[in-house]
Amino acid sequence: MRARDAAGLRAALEAQGYVVIAISPRVQASEAASLDVAWWCRELGTLLRAGMTVVEAIETLASAHRGQHEVSARLLQALGQGQSLSSAMRTTGAFPEVLLASVTASERTSTLPRALDDYLRYDEMLGAMRRRLVSAAIYPSVVVGLGILITVFLLVFVIPRFSTMYTSAPKALSGATQAVLWVSGVMREHLPLMTSLLGAFLVLLAWAFSTGRLSRMLLALVDAIEPLRIQWTHFRLAKLFQSLALMYRGGYTIDEALEVALGLSLGPRLGQGLIRAREEIAQGKSASTALESAGLLDSVGLRLVVVGERVGSFDTVLQTIADRHAQAFSTFVERATRLVEPILMLLVALVVGGIVVMMYMPIFDMANGLGGPR
Numbered sequence: 008m009r010a011r012d013a014a015g016l017r018a019a020l021e022a023q024g025y026v027v028i029a030i031s032p033r034v035q036a037s038e039a040a041s042l043d044v045a046w047w048c049r050e051l052g053t054l055l056r057a058g059m060t061v062v063e064a065i066e067t068l069a070s071a072h073r074g075q076h077e078v079s080a081r082l083l084q085a086l087g088q089g090q091s092l093s094s095a096m097r098t099t100g101a102f103p104e105v106l107l108a109s110v111t112a113s114e115r116t117s118t119l120p121r122a123l124d125d126y127l128r129y130d131e132m133l134g135a136m137r138r139r140l141v142s143a144a145i146y147p148s149v150v151v152g153l154g155i156l157i158t159v160f161l162l163v164f165v166i167p168r169f170s171t172m173y174t175s176a177p178k179a180l181s182g183a184t185q186a187v188l189w190v191s192g193v194m195r196e197h198l199p200l201m202t203s204l205l206g207a208f209l210v211l212l213a214w215a216f217s218t219g220r221l222s223r224m225l226l227a228l229v230d231a232i233e234p235l236r237i238q239w240t241h242f243r244l245a246k247l248f249q250s251l252a253l254m255y256r257g258g259y260t261i262d263e264a265l266e267v268a269l270g271l272s273l274g275p276r277l278g279q280g281l282i283r284a285r286e287e288i289a290q291g292k293s294a295s296t297a298l299e300s301a302g303l304l305d306s307v308g309l310r311l312v313v314v315g316e317r318v319g320s321f322d323t324v325l326q327t328i329a330d331r332h333a334q335a336f337s338t339f340v341e342r343a344t345r346l347v348e349p350i351l352m353l354l355v356a357l358v359v360g361g362i363v364v365m366m367y368m369p370i371f372d373m374a375n376g377l378g379g380p381r
């Protein structure tokens, strides 16, 4: 089976009713991880436009960037055996399925530089949405991290220095202050254990991130929250229709493009929708009817596809739908960022300020007692 990753293949097979026992990649991920696919496409397209053949261009890329030597050697070996470029790229396991489909389509029409440019536009759109999402998450992460560090510093190092003074307070300490003192005492007493637990948590988090488990957990959480699931569906649909536009522009039929899109890791719901749309197209229904009944089009998207079928500009329509979903997702991220940032700042200020207030209240009581009548 061909797929970009194991998660996408598992989702596609389960959507077809199969029970997946195990998935083993033919090529180790470490062999393909070092390849910058966007850079490779950009440089290859430049060399081809300069008049080089495919073999000459790949040899030039291998000599210019030693880090890509292994992938280039596999490509040159397969090309030397008479394979097409798309077949050679598939043997390396380093290239996404959408690019492979675009290159395969270009081999029918001899428009490889244009296919590479189309993939770069696809990659740029996805990269822009990912960068917007990451940049939106950086500031809240920094705020929360600094808030946690300041809180731990107050509880472990500052409050214990004041605790001896609280024993001579003229009044009984409030329940909140006693709670803060208890937490501070526990953290200071078990500081080595808590440091070890924090280190183990960070190691576990790094392991989950490197193996992809963290991303799958976050996606499961997003899918369980209805407002977030709706917005994440916009991201997936933008990815889907951008890839469909790329492949349709390269000469794929809509049925062939939908088959390739099954490997895009779009989630079980959209995967089942793709399978249903292909089945209805195979039964003779129009693409607009099939995509709408499969839940892949809203009312505006349906009208656009109907117009595309009538006037013949189907690739332009698919690109327009992709841009609409990408804009909707970007707008949500921007608005959520503007809302979440002040809320997090307020929460961190309340926590840190509350600890400081509870720490100084007994001192104020002691000062009032010293200044009273004798």
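Those letters in the sequence shown? Residues 8 to 381, by the numbering used here. Here a beta-carbon is modelled for each residue, glycine too, at the ideal position from N, C-alpha and C. Keep in mind that this is a model prediction, so the values were computed, not measured.
- Hey, could you find the ends of the alpha helix (DSSP H) V26 is sitting in? For the purposes of this step, residue 26 is identified with residue 19 of the sequence shown, where counting begins at 1. V26 -> no alpha helix (DSSP H), and no H or E assigned at all.
- Message: Are the CB atoms of L92 and L86 within a distance shorter than 8 Å?
- Response: Indexing the sequence shown from 1 puts residue 86 at position 79. Indexing the sequence shown from 1 puts residue 92 at position 85. L92 sits close to L86, with the two beta carbons spaced by under 8 Å.
- Message: Is it buried or exposed, I28, if we count other Cβ atoms within 10 angstroms and call 16 or more buried?
- Response: Position 21 of the sequence shown holds residue 28. I28 comes out exposed.
- Message: For the segment 269–289 against the segment 336–354, do three or more pairs of beta-carbon atoms, one drawn from each stretch, fall closer than 8 Å, so that the two count as touching?
- Response: No contact exists between the segment 269–289 and the segment 336–354.
- Item | Sub-8 Å separation of A108 and M254 beta-carbons | As a working mapping, residue 108 is identified with position 101 in the sequence shown. As a working mapping, residue 254 is identified with position 247 in the sequence shown. Yes; because the gap between Cβ atoms is below 8 Å, this pair is in contact.
- Message: Can you tell me where the alpha helix (DSSP H) holding T202 begins and where it ends?
- Response: On the sequence shown, position 195 is the one that residue 202 refers to. Segment 198–218, the alpha helix (DSSP H) holding T202.
- Item | T118 - containing alpha helix (DSSP H), residue span | What you label residue 118 is simply residue 111 of the sequence shown in a count that begins at 1. From DSSP, T118 is part of no alpha helix (DSSP H); its letter is neither H nor E.
- Message: Just to confirm before moving on: does the CB-CB distance between P120 and R49 stay below 8 Å?
- Response: Working through the sequence shown from its first residue, we reach residue 120 at position 113. Working through the sequence shown from its first residue, we reach residue 49 at position 42. Not in contact: P120 and R49 (Cβ atoms no closer than 8 Å).
- Task: Tell me whether F208 is buried or exposed, calling it buried when 16 or more other Cβ atoms sit within 10 Å of its Cβ.
- Result: Residue mapping note: residue 208 aligns to position 201 of the sequence shown, counting from 1. Taking all protein chains in view, the Cβ of F208 is surrounded by fewer than 16 other Cβ atoms within 10 Å, so the residue is classified as exposed.
- Item | Beta-carbon proximity check, G280 vs A301, cutoff 8 Å | Position 273 of the sequence shown, counted from the start, is the residue given in the question as residue 280. Position 294 of the sequence shown, counted from the start, is the residue given in the question as residue 301. For G280 and A301, yes; Cβs fall inside 8 Å.
- Can you give the beta carbon distance from A143 to A245, rounded, assuming they're within the 8 Å contact cut? By 1-based counting over the sequence shown, the position of residue 143 is 136. By 1-based counting over the sequence shown, the position of residue 245 is 238. Incorrect: roughly 16 Å between the Cβ atoms, too far for contact.
- Task: Let me know if L345 comes out buried or exposed under the rule of 16 or more other beta-carbons within 10 Å of its beta-carbon.
- Result: Residue mapping note: residue 345 aligns to position 338 of the sequence shown, counting from 1. In the sequence on display, residue 345 carries Arg and not Leu. Result: exposed.
- alpha helix (DSSP H) runs wholly inside the segment 82–149, at least 4 long, in chain order: You should have 92–99, 104–116.
- Query: Which same chain residues, not among the five before or five after L309, have their C-beta less than 7 Å away from its C-beta?
  - Reply: Taking the first residue of the sequence shown as position 1, residue 309 is located at position 302. S295, E299.
- Message: In this structure, how does DSSP classify K246 when only helix, strand and coil are distinguished?
- Response: Counting from one through the sequence shown, the residue named residue 246 turns up at place 239. Correct three-state label for K246: helix.
- Between G274 and A112, is the Cβ-Cβ spacing less than 8 Å? Counting from one through the sequence shown, the residue named residue 274 turns up at place 267. Counting from one through the sequence shown, the residue named residue 112 turns up at place 105. Result no, Cβ atoms of G274 and A112 do not sit closer than 8 Å.
- Message: Quick check on DSSP: helix, strand or coil for A57?
- Response: Sequence index remark: in the sequence shown, residue 57 carries index 50 (1-based). If DSSP states are grouped into helix, strand and coil, A57 belongs with coil.
- Task: For R283, I'd like the list of residues in its chain whose CB is within less than 6 Å of its CB, leaving aside the five on either flank, ordered along the chain.
- Result: What you label residue 283 is simply residue 276 of the sequence shown in a count that begins at 1. Cβ within range, chain order: A301.
- Query: Residues in its own chain within less than 7 Å of E127 by CB, not counting five upstream and five downstream?
  - Reply: Looking up residue 127 in the sequence shown gives position 120. Before going further, note that residue 127 is Leu rather than Glu in the sequence given. Cβ contact annotation for L127 (same chain, cutoff 7 Å, sequence separation greater than five): A45, C48, R49, in chain order.
- Message: Please report the distance separating the alpha-carbon of R342 from that of Q334.
- Response: In the sequence shown, counting from the first residue as 1, residue 342 sits at position 335. In the sequence shown, counting from the first residue as 1, residue 334 sits at position 327. Distance between the alpha carbons of R342 and Q334: 12 Å.
- Message: Is the beta carbon of T158 closer than 8 Å to that of V364?
- Response: On the sequence shown, residue 364 is found 357 positions in, with the first residue counted as 1. On the sequence shown, residue 158 is found 151 positions in, with the first residue counted as 1. Not in contact: V364 and T158 (Cβ atoms no closer than 8 Å).
- Go to V318, then tell me how far its alpha helix (DSSP H) extends in each direction, as first and last residue. In the sequence shown, the residue the question calls residue 318 occupies position 311. Element bounds for V318: 306–318.
- Task: Reducing DSSP to helix, strand and coil, say where S295 ends up.
- Result: Translated into the one-based positions of the sequence shown, residue 295 becomes position 288. In this structure, S295 counts as helix in the three-state DSSP scheme.
- Message: Whole angstroms are fine: how far does the CA of I232 sit from the CA of T240?
- Response: Sequence index remark: in the sequence shown, residue 240 carries index 233 (1-based). Sequence index remark: in the sequence shown, residue 232 carries index 225 (1-based). Note on geometry: alpha-carbon atoms of T240 and I232 lie some 12 Å from one another.
- Within 10 angstroms of the Cβ of S191, are there 16 or more other Cβ atoms? Answer buried if so, exposed if not. Within the sequence shown, numbered from 1, the residue matching residue 191 stands at position 184. It is buried - the Cβ of S191 has at least 16 other Cβ atoms within 10 Å.
- Task: Check each candidate in G100, A64, L54 and name the one with the smallest Cα separation from A13.
- Result: Start at 1 with the first residue of the sequence shown, and residue 13 comes out as number 6. Just measuring C-alpha positions, the residue of G100, A64, L54 sitting nearest A13 is G100.
- Closer than 7 Å by C-beta to S1: which residues in its own chain qualify, once you throw out the five before and the five after it? Chain order, please. This structure leaves residue 1 out entirely; the chain is present only between 8 and 381.
- Does the distance from the C-beta atom of L51 to that of L140 stay below 8 Å? Residue numbering aside, residue 51 sits at position 44 when the sequence shown is read from its first letter. Residue numbering aside, residue 140 sits at position 133 when the sequence shown is read from its first letter. Cβ distance not < 8 Å, so L51 and L140 don't count as in contact.
- Item | 8 Å contact criterion, which S250 and Y367 should meet: CB distance rounded | Translated into positions along the sequence shown, residue 250 becomes position 243. Translated into positions along the sequence shown, residue 367 becomes position 360. S250 to Y367, Cβ: 59 Å. No contact.
- Query: Between P103, P167, S306, which lies nearest to Q185 when the distance is taken from Cα to Cα?
  - Reply: In the sequence shown, the residue the question calls residue 185 occupies position 178. For Q185, the nearest C-alpha among the options comes from P167.
- Can you tell me the Cα-Cα spacing of S222 and E63, whole angstroms? As a first step, residue 222 must be located in the sequence shown, where it is residue number 215. As a first step, residue 63 must be located in the sequence shown, where it is residue number 56. The alpha-carbon separation between S222 and E63 amounts to approximately 39 Å.
- Message: Beta-carbon within less than 6 Å of G219's beta-carbon, same chain only, minus the 5 sequence neighbours each way: which residues are those?
- Response: Counted from its first residue, the sequence shown places residue 219 at position 212. If we look at G219 and ignore the five residues flanking it on each side, it has no Cβ neighbours.
- Task: With G270 as the anchor, note down where its alpha helix (DSSP H) starts and where it stops.
- Result: Taking the first residue of the sequence shown as position 1, residue 270 is located at position 263. No alpha helix (DSSP H) holds G270; DSSP gives it neither H nor E.
- Task: Using alpha carbons as the reference points, say which of V307, V314, G278 lies closest to S293.
- Result: Within the sequence shown, residue 293 is the residue found at index 286, counting from 1. The shortest C-alpha separation from S293 is found at V314.
- Give the C-beta separation of L161 and I30 to the nearest angstrom, bearing in mind that I take them to be a contact with Cβ-Cβ under 8 Å. Numbered from its first residue, the sequence shown carries residue 161 at position 154. Numbered from its first residue, the sequence shown carries residue 30 at position 23. With a contact defined as Cβ atoms closer than 8 Å, L161 and I30 miss out at about 48 Å.
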